[in-house]
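**Q** Let me give you the structure first, and then I'll get to my questions.
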Amino acid sequence: MGRKLLVTVLLLAGFGGLGYGVQRATGGLDRPAARVGAPTATVTVTATPTPTASPTPTPSATPTPTPTPTATPTASATASATPGPVVKVLGPGDSNDAVRDLQVRLKQLAWYSPDVTGRYDATTGAAVKGFQAKRGIRASGIVDAATLARLKTMTDTPTYGQKHNVVGQSASTKARLDARCTTGRAICVDKTSQTLRWVVDGRVKATMAVRFGASYSPTREGLFHVGWKSEHHVSKLYDSSMPFAMFFSGGQAVHYSSDFAARGYAGASHGCVNVRDYDGVRWLFGQVQVGDKVVVYRS
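Mapping of the sequence shown onto UniProt numbering: residues 1 to 299, in sequence order.
Quick look at the structure:
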């Protein structure tokens, strides 16, 4: 019995020690257990990104400026800036009837004085150049279309006599002759055609260009006769030269006029019949006699 009791005590003691050990190992069975689901502080470690090299900017191409269109100069602008070559109609070296025509026209305007030759020589070129400079045309000394056109507007159509140096043929007209001119010897002056014709027995011997008096001093019209002649006359009233004067009505006469030769129809007389053909009126002065008829009319 006693022996059983001892075994029992030892067993109990052994279980007691075992329980204490278990309690120590678990921290005590009566300690409250950690609550399930309670938040736990979490440290999130974010990895620092490895810095990447900043990309070097690629330089953009410099834009090529668009060229501003340049206006194409017009023909007139180009011509005014740089005159083109003169397009020759007549010039040095030419020798023909057209040159005769040119020389006569220049002679009518007192730019050319020698005999008409039909050769475009240095004298002809100088006359052309002078005419061009006076009229604001490019002074080349060569006849171009503009020069010829201007010359034609200022002159009468040359006659055969003018082109071949026949004295007294410095003009032409198809205007009718007054009936009073068809008999005897007459200086027949036509205000309409601005011509003087020397007529003998109905035949025209010479034709010349003439001009008349201004509106305040008109040339009288009608039938007259040459009263007297004066080769080197000078007007006492106007103190002006009147070469080869043939007086027919008071102080009015047919005579040469240097002003008419220089200015053409831009001027007028004080009533006289002006002739610009010096050689022609000099010849006429030698033909006309005192008493010959002078007929001034309109055709």
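Glycine included, each C-beta is placed from N, C-alpha and C at the ideal position.
Remember, predicted model here, so these are calculated numbers, not experimental data.
Under 8 Å by Cβ, that's how I've got Val86 and Ser140 pegged, so tell me the actual separation to the nearest angstrom.
**A** Going by Cβ atoms, the distance from Val86 to Ser140 rounds to 5 Å, so yes, they are a contact pair.
**Q** Rounded to the nearest angstrom, what separates Arg150 and Tyr256 at their Cα positions?
**A** Spanning the two alpha carbons is a distance of roughly 25 Å.
**Q** Among Val143, Gly227, Pro114, which has the Cα closest to the Cα of Asp292?
**A** Of the candidates Val143, Gly227, Pro114, the one whose C-alpha sits nearest the C-alpha of Asp292 is Gly227.
**Q** According to the Cβ coordinates, are Leu109 and Ala98 closer than 8 Å?
**A** Contact: no.
**Q** Does the segment 176-194 come within contact of the segment 115-126, defined as at least 3 CB pairs closer than 8 Å?
**A** The segment 176-194 is not in contact with the segment 115-126.
**Q** For the beta strand (DSSP E) holding Ala206, just list the boundary residues, first then last.
**A** From DSSP, the beta strand (DSSP E) with Ala206 extends over 203-211.
**Q** Taking all protein chains shown into account, do 16 or more other C-beta atoms lie within 10 angstroms of the C-beta of Ala262, making it buried, or fewer, making it exposed?
**A** So Ala262 ends up on the exposed side.
**Q** For Thr159 and Ala171, I'd like the C-alpha separation in whole angstroms.
**A** If you take the alpha carbons of Thr159 and Ala171, they lie about 6 Å apart.
**Q** Among Ala145, Thr153, Ala186, which residue has its Cα nearest to the Cα of Gln289?
**A** Comparing Cα-Cα distances from Gln289 to each of Ala145, Thr153, Ala186, the minimum goes to Ala186.
**Q** Going by DSSP, name the residue or residues bridged to Pro243.
**A** Answer by DSSP bridge pairing, in chain order: His232.
**Q** Alpha carbons only, please: which of Lys107, Thr195, Ser240 is nearest the one belonging to Gly251?
**A** Considering only alpha carbons, the answer is Ser240.
**Q** One question on the structure: do Val296 and Gly222 come within less than 8 Å of each other, judged by their Cβ atoms?
**A** Yes.
**Q** So with Cβ pairs under 8 Å, would you call Ala122 a contact of chain D?
**A** Here chain D cannot be found, since the structure has a single protein chain.
**Q** Just the Cα atoms here: how many angstroms apart are Ala214 and Leu106?
**A** Roughly 26 Å between the two C-alpha positions.
**Q** Alpha carbon to alpha carbon, how far is Ala245 from Thr192? Give it in angstroms, no decimals.
**A** Cα to Cα, Thr192 sits roughly 22 Å from Ala245.
**Q** Please report how far the alpha carbon of Leu284 lies from the alpha carbon of Thr124, in whole angstroms.
**A** Cα to Cα, the separation comes out at about 28 Å.
**Q** What would DSSP say about Lys107, mapped onto helix, strand or coil?
**A** Reduced to three states, the DSSP call for Lys107 is helix.
**Q** Measuring straight from C-alpha to C-alpha, what distance separates Ala77 and Gly136?
**A** Summary for Ala77: the model assigns pLDDT 46, below 50, so the residue's position carries little reliability, and this model does not support an answer.
**Q** To the nearest angstrom, how far is it from the Cα of Tyr265 to the Cα of Gly161?
**A** Each residue's alpha carbon lies about 22 Å from the other.
**Q** In angstroms with no decimal places, state the Cα-to-Cα distance between Val166 and Ser258.
**A** The straight-line gap from Cα to Cα measures roughly 21 Å.
**Q** For Gln103, which of Lys88, Ala126, Gly84, Pro83 has the nearest alpha-carbon?
**A** Ranking the options by Cα distance to Gln103, first place goes to Ala126.
**Q** Helix, strand or coil: which one does DSSP assign to Val226?
**A** Coil.
**Q** Could you spell out where the beta strand (DSSP E) holding Ala179 opens and where it closes?
**A** Per DSSP, Ala179 belongs to no beta strand (DSSP E) and is neither H nor E.
**Q** Rounded to whole angstroms, what's the CA-CA distance from Pro218 to Gln169? Just pull it up for me.
**A** Taking the straight line joining both Cα atoms gives about 26 Å.
**Q** What is the residue span of the beta strand (DSSP E) that Thr195 lies within?
**A** That run of the beta strand (DSSP E) goes 195-200.
**Q** May I ask you to report which of helix, strand or coil DSSP gives Val87?
**A** Three-state result, Val87: coil.
**Q** Phe247 to Val254, Cα distance in whole Å?
**A** So the alpha carbons of these two residues sit roughly 6 Å apart.
**Q** Once the 5 residues before and after Ser230 are set aside, which same chain residues still bring their CB inside 6 Å of it?
**A** So the qualifying residues of the chain are Ala245.
**Q** Smallest Cα separation from Pro243: which of Gly280, Ser249, Phe212, Gly267?
**A** Taking only the C-alpha atoms, the option nearest Pro243 is Gly280.
**Q** Rounded to the nearest angstrom, what separates Lys88 and Asp144 at their Cα positions?
**A** Approximately 5 Å, taken between the alpha carbons.
**Q** Who are the Cβ neighbours of Gly130 in its own chain at under 7 Å, not counting the five residues just before and after it?
**A** For Gly130, where only same-chain residues beyond five positions count, the Cβ hits under 7 Å are Trp111.
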